[in-house]
Amino acid sequence: MWRRSFSTLPKKKWDAVVIGGGHNGLTAAAYLARGGLSVAVLERRHVIGGAAVTEEIVPGFKFSRCSYLQSLLRPCIIRELELGRHGLKLLKRSPSSFTPCLDGRYLLLGPDHDLNHSEISKFSKHDAHAYPRYEKQLERFCGFMDPLLDATPPESLQGVSSFNDKLSNKMYKSAFWARCLRQAVSLGHKDMVDFMDLLLAPASKVLNNWFESDVLKATLATDAVIGSTASVHTPGSGYVLLHHVMGETDGEKGIWSYVEGGMGSVSMAIANAAKEAGAEIFTNAEVSEILSEDSSIVKGVLLADGTRVESSAILSNATPYKTYVELVPTNVLPENFIGAIKNSDYSSATTKINLAVDKLPQFQCCNTNHSSPGPEHFGTIHIGAESMDEVHSACHDSENGLPSRRPVIEMTIPSTLDNTISPPGKHVINLFIQYTPYKPSDGNWEDPTYREAFAQRCFKLIDEYAPGFSSSIISYDMLTPLDLEREIGLTGGNIFHGAMGLDSLFLMRPVKGWSNYRSPLKGLYLCGSGAHPGGGVMGAPGRNAAHVCPKQRKWKVNKRATTSAPQKSRMITLPLRDDDVENDTYEAKMLLIGDGESLPPTPLRDGAPELQKYNIRSIESTVVIRELTSQGLSFQLWPAASTLVTLLDNYRRDPSNSPLTATLSSLKPSSPLNILELGSGTGVVGIAAAITLSANVTVTDLPHVLDNLNFNAEANAETVERFGGKVNVAPLRWGEADDVEEVLGRNVDLILASDVVYHDHLYEPLLKTLRLMQLEGKRFIFLMAHLRRWKKESVFFKKARKLFDVEVIHSDVPQEGSRIGVVVYRFTTKQPNQNGRIVSC
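The sequence shown lines up with residues 15 to 855 when you count with my numbering.
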């Protein structure tokens with residue numbers, strides 16, 4: 015485990031500071047560091063991980079002290095941070111569920127459909143046939159919900175005056191809700207009604223509509239109440255049921271797994287990824303206050319020992335209450351905001367007991383007695399959950415202020431699959447227990463006698479199902495709601511950083527009006543489970559928060575993009591963000607980088623510029639491009655531009671093996687080649703063309719884009735000149751005859767464009783521009799790289815074919831999750847007809 019003391023803090027000023035080394039905080043740090051920021055993670059405890067932690071409380075036994083199973087961690091995080099390479103190893107469980115009954119029967123469930131049918135048939139033939147349909151419907155619901163988990167909620171930007179920011183935000187919200195509507199339509203009327211029923215109804219109603227067997231219903235119902243104070247009869251409890259089945263392991267939906275080395279291995283893998291990217295992690299570094307300037311913008315944090323750490327971006331992995339009420343000084347945040355935070359539900363009824371035992375429990379319903387683990391030992395073992403009434407009765411005790419007389423217990427034995435966490439022949443057992451009030455009415459959790467009495471109550475209940483269990487206990491570690499608050503930092507002991515009811519999700523998480531990870535204090539962001547999409551070892555709040563956190567306030571070259579020259583363009587799909595235009599396959603945008611590696615997702619930067627530095631292999635030189643992401647679409651790097659740059663680079667290296675060869679060899683240019691780029695944006699394509707083709711290139715765009723175009727042209731002027739090229743910058747408003755006439759004062763041999771047909775209002779002006787060039791008597795070839803986003807784009811190509819012969823000269827391999835890659839089209843002017851006219855569009 016990580017045990018670095020904050021006394022070694024090498025500097026006192028950072029681009030971003032993350033409060034708390036839980037898995038979400040580490041995830042945020044990893045993405046920010048991969049984006050080029052200097053990042054410090056400050057963890058209060060002696061060990062990182064937060065609630066996803068492994069600790070050796072009993073010598074030789076490693077406990078996953080809080081969280082104990084993995085399924086919810088977002089696949090994109092595992093993939094993008096390469097967590098497998100950093101040590102993450104998942105151990106699938108099969109069977110995954112075991113419910114023993116006092117009458118001698120039992121129910122096994124898991125990924126084996128034949129096993130499920132056989133086991134459920136022991137209780138109900140009807141339920142055995144219904145269960146696969148139930149699972150399929152939940153899978154469809156999860157498919158509907160899944161994209162929302164990685165997206166920033168479509169919140170209005172408060173306190174933002176920039177027109178571009180407001181426009182980008184409006185576009186994002188429109189695209190977001192349009193996508194939700196498409197998904198709802200694709201889900202179908204019946205499923206949509208059932209989905210709403212699942213969200214609003216009690217879990218008991220949902221399950222009663224599907225099944226008749228008490229044991230099956232109770233087994234499934236525990237997912238709806240685990241970690242909450244709710245009963246199976248509480249309206250809205252069905253959502254938490256969905257929350258616990260929406261995960262996956264290695265692409266298998268709803269499969270929960272153990273993690274080799276315990277849940278702390280998840281946090282360690284993320285920490286390793288963050289450290290590799292340049293983040294620094296400090297333990298024993300308790301933050302006592304978030305510092306601000308004029309109560310309007312953060313300027314750093316104050317540590318418990320009095321050390322001041324400066325930063326203009328603070329991401330808190332602490333709970334909303336801890337962050338906004340305890341760490342931000344009084345009177346800094348608006349009263350209504352603080353009131354909403356204080357009034358949020360942080361109640362808990364959960365206790366976790368971790369045990370070291372000298373043998374496996376022997377369940378009398380299985381009628382076996384062996385030291386080796388059997389099918390009943392691999393999955394989650396449901397104790398005291400033979401009927402939903404039994405679960406409700408346990409909840410009723412808690413509602414009256416009493417720990418449950420017969421608790422509902424989820425038992426897991428990870429050492430059956432993981433031999434790294436216990437000595438040979440011995441085992442680690444986790445007990446996740448419902449219901450235990452934060453403040454019992456009949457005692458106090460600080461009283462050792464009271465604590466021990468409740469622990470023994472739980473052990474004796476297990477004895478009823480597995481006689482002799484209590485005598486196998488070597489030692490145990492117990493965390494009540496009070497302990498979870500004091501030791502782990504979970505307000506009220508709530509494992510989700512706040513209730514997961516419908517009034518506390520999505521646009522209402524943590525509170526209404528602030529669901530987009532921002533806060534009224536500029537520069538302060540929430541990246542923990544108290545933010546969307548909520549609790550569980552998911553990582554999504556950390557990843558999403560990193561995407562909306564502004565970048566450094568200075569230009570910074572992305573070092574990962576400069577390691578070597580591009581061999582083959584590779585791009586990654588970024589999640590939906592405020593400045594993105596979404597398409598049918600939900601690809602927001604992609605970035606070209608060198609060395610064929612994927613550039614890590616880049617957070618929003620609130621207008622701060624960033625320099626992307628690329629090595630072009632064919633000339634062994636560098637191109638530097640400035641992005642101003644939040645300024646609008648014209649200031650960003652897009653996938654089709656990446657493709658053209660790569661093709662130009664490869665052409666210079668090996669003309670005999672390039673899709674551009676036929677086009678470029680057919681030209682009879684003046685010397686040098688004259689190129690016009692339309693809709694240049696950042697100008698990366700035109701600059702690359704000037705260098706690789708030793709060409710005179712005119713890059714054009716709307717007037718408001720020219721300052722950034724000039725910056726990029728000047729930044730690369732020395733390189734362009736060294737290789738015999740030249741870059742001119744000129745305004746060109748499509749369809750405006752004066753502008754077209756101005757740029758055509760030069761000869762044009764080749765026209766380039768990339769990602770210029772992304773909106774239908776651009777079709778006619780672009781075609782008119784090309785038509786005006788034809789009327790000037792110019793004979794040219796037009797190469798356009800395009801990533802299809804909308805079906806209606808076919809209208810543009812249909813009209814263009816009246817003016818041009820259009821052919822495809824190159825297609826990228828589609829990226830994962832996409833139906834189509836970037837396509838490069840060649841447009842050549844049609845020959846005049848017998849009347850000497852070109853057919854008009």
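Built from N, CA and C at the ideal position, the CB exists for glycine as well.
As the structure is a computational prediction, the values presented were derived from the model and not from experiment.
Residue range of the unbroken beta strand (DSSP E) whose run includes residue i
i, result
"Pro717", "Where Pro717 is concerned, there is no enclosing beta strand (DSSP E), given that its DSSP letter is neither H nor E."
"Phe392", "Per DSSP, Phe392 belongs to no beta strand (DSSP E); it is in the alpha helix (DSSP H), Pro389 to Phe392."
"Lys536", "Note, Lys536: premise wrong, no beta strand (DSSP E); not H, not E."
"Val771", "First-last for Val771: undefined, no H or E at that position."
"Glu404", "Run containing Glu404: none in the beta strand (DSSP E); it sits in the alpha helix (DSSP H), Met402 to Glu413."
Of the listed residues the options, nearest to residue i (C-alpha basis)
i, options, result
"Asn38", "Gly63, Arg48, Val31 and Lys26", "Gly63"
"Leu764", "Gln172, Ala709 and Asp264", "Ala709"
"Asn722", "Ala702, Ser85, Ile639 and His441", "Ile639"
"Gly835", "Lys844, Thr843, Val822 and Thr842", "Val822"
"Ile447", "Lys440, Met425 and Val346", "Met425"
"Gly749", "Thr733, Lys782 and Asp826", "Lys782"
"Ala283", "Phe468, Ser182, Gly35 and Gly320", "Gly35"
"Leu116", "Gly457, Glu466, Asn664 and Asn381", "Asn381"
"Arg1", "Val698, Ala703, Thr696 and Met185", "Since the displayed the chain opens at 15 and closes at 855, residue 1 lies outside it and no answer follows."
"Val442", "Pro73, Lys813, Arg840 and Phe841", "Pro73"
"Ser81", "Tyr148, Leu317, Ala291 and Val67", "Val67"
"Trp270", "Gly278, Val259, Arg465 and Thr113", "Val259"
Start-to-end residues for the alpha helix (DSSP H) that takes in residue i
i, result
"Asn222", "Ala217 to Trp224"
"Glu732", "Ala731 to Arg736"
"Arg465", "Pro462 to Tyr479"
"Pro114", "Pro114 -> not in any alpha helix (DSSP H); beta strand (DSSP E) instead, spanning Ser111 to Pro114."
"Arg667", "Pro653 to Arg667"
"Ala232", "Asp228 to Val239"
"Lys139", "Lys139 to Leu163"
Own chain partners of residue i with C-beta closer than 6 Å, once the 5 adjacent residues on each side are dropped
i, result
"Lys231", "Leu221, Phe225 and Met402"
"Lys573", "Interpretation of Lys573 is limited by its pLDDT of 35, a score under 50 that renders its predicted location unreliable; the figure taken from the coordinates is listed afterwards. For Lys573, where only same-chain residues beyond five positions count, there are no Cβ hits under 6 Å."
"Glu307", "Lys313"
"Val342", "Ile304"
Cβ neighbour criterion (16 or more within 10 Å) applied to residue i
i, result
"Pro168", "buried"
"Pro555", "buried"
"Gly415", "exposed"
"Met210", "exposed"
"Arg523", "buried"
"Ala384", "For the sequence presented, residue 384 should be read as His rather than Ala. So His384 ends up on the exposed side."
"Pro717", "exposed"
"Ile867", "Because the chain here runs from 15 to 855, residue 867 falls outside it and cannot be looked at."
"Thr434", "exposed"
"Val199", "exposed"
"Gln650", "buried"
"Trp191", "exposed"
"Leu212", "buried"
"Ser281", "buried"
"Ile33", "buried"
"Asn357", "exposed"
Those residues which DSSP pairs with residue i across a bridge
i, result
"Asn742", "Thr712"
"Ala370", "Val442 and Ser489"
"Ile630", "Ser635"
"Glu691", "Val713 and Leu766"
"Ile397", "Ile423"
"Thr643", "DSSP, once it has assigned bridges, lists no residue as partnering Thr643."
"Asp819", "Thr842"
"Lys27", "Glu324"
"His800", "Val837"
Cβ shell of residue i (< 7 Å), same chain only, five flanking positions each side left out
i, result
"Met552", "Leu86, Leu87 and Arg88"
"Asn730", "Val637, Val638 and Ile701"
"Pro534", "Leu347, Pro348 and Phe351"
"Tyr145", "Asn130 and Ile134"
"Leu786", "Ala751 and Val754"
"Lys25", "none"
"Leu540", "Ser330, Pro334, Thr337, Pro524, Tyr531, Ser533 and Ala559"
"Phe811", "Val820"
Closer than 8 Å to chain C by CB, residue i
i, result
"Leu416", "You won't find chain C in this structure, because it holds only one protein chain."
Same chain, Cβ closer than 8 Å to residue i, five either side skipped, listed in chain order
i, result
"Ala469", "Ile367, Tyr490 and Met492"
"Leu255", "Leu212, Ala217, Val220, Leu234, Ala235, Asp237 and Ala238"
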